[in-house]
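Structure first, then comments.
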Amino acid sequence: ALNHLDVWTRRGMPGIDVEMPHIPGSDAAGVVEAVGEGVTRFEPEDHVAVSAGVSCGNCEFCRNGEESLCVSFHIIGEHVRGVHAEKASVPAENLVPVPDGVDWEVAGSASLVFQTAWRMLQTRADIEAGEKVLVLGASGGVGHAAVQIADHAGCEVFATASTE
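The sequence shown begins at 1068 in our numbering and counts up by one.
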């Protein structure tokens, strides 16, 4: 799937420093071909999606559930080679199972935007059923995900979008 981060990376946006040659791509889903030594959560032929944020798992931020604040945090496809390739090597910690019946297009395009929206609404805002949630920019990927997450949480959702 193509994420806007991929566009920024390809354009050479300030602050996004990639080593060339570079393979972009932060959103993907696929079938596990092989697993590394010690991997027990997955096995060949499992259907998985990529969770693009890679953290150390050991620092204070990671231990407190704030992985995106990790001092060594990086994103697959931005800081390291991505998944826009026939095959990609992804840490097992960055894979999530894809349930039966979920289309590849959905599984491969949802992870980064849903992670961003989830962090905003669940981790930071701690929304609860019955609350009112306003989503600005609901026509974009993160906004669309935020509408779905807030609705699923039982919130009353108000959304804005623009034609421009």
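Idealized CB from N, CA, C, for every residue including glycine.
Quiz prompt | Residue span of the alpha helix (DSSP H) that contains H1071, given as start and end | solution = 1071-1078
Quiz item: Which word fits A1095, buried or exposed, when buried means at least 16 other C-beta atoms lie within 10 angstroms of its C-beta?
Solution: buried
Exercise. Can you tell me which of C1129, E1195, V1202, V1117 puts its alpha carbon nearest to the alpha carbon of W1171?
Key: V1117
Quiz item: Thinking C-alpha only, which one of H1089, R1077, E1134 is nearest Q1182?
Solution: E1134
Practice problem: With DSSP as the reference, label G1204 as helix, strand or coil. | Solution: coil
Exercise. Please state if the CB of G1092 and the CB of V1173 are separated by a distance shorter than 9 Å.
Key: no
Self-check item: Proximity below 9 Å, CB of A1205 to CB of A1213
Solution: yes
Quiz prompt | Nearest-angstrom Cα separation, counted from V1098 out to E1112 | solution = 5 Å
Exercise. Could you pull out every residue in the same chain whose Cβ sits closer than 8 Å to the Cβ of A1228, ignoring the five residues on either side in sequence?
Key: G1204, A1205, S1206, G1210
Quiz prompt | Buried versus exposed call for L1162 [16 or more other C-beta atoms within 10 Å across all chains shown] | solution = buried
Quiz item: Can V1202 and E1223 be called in contact, C-beta distance under 9 Å?
Solution: no
Quiz item: Where L1179 and S1122 are concerned, what is the direct C-alpha to C-alpha distance, given to the nearest angstrom?
Solution: 14 Å
Exercise. May I ask you to report which of helix, strand or coil DSSP gives E1100?
Key: coil
Quiz item: Within 10 angstroms of its Cβ, does G1079 collect 16 or more other Cβ (buried), or is it exposed?
Solution: exposed
Self-check item: Outcome for N1070 when other beta-carbon atoms lying within 10 angstroms are tallied against a minimum of 16
Solution: buried
Quiz item: F1225 lies in the beta strand (DSSP E); which residues open and close that run?
Solution: 1223-1226
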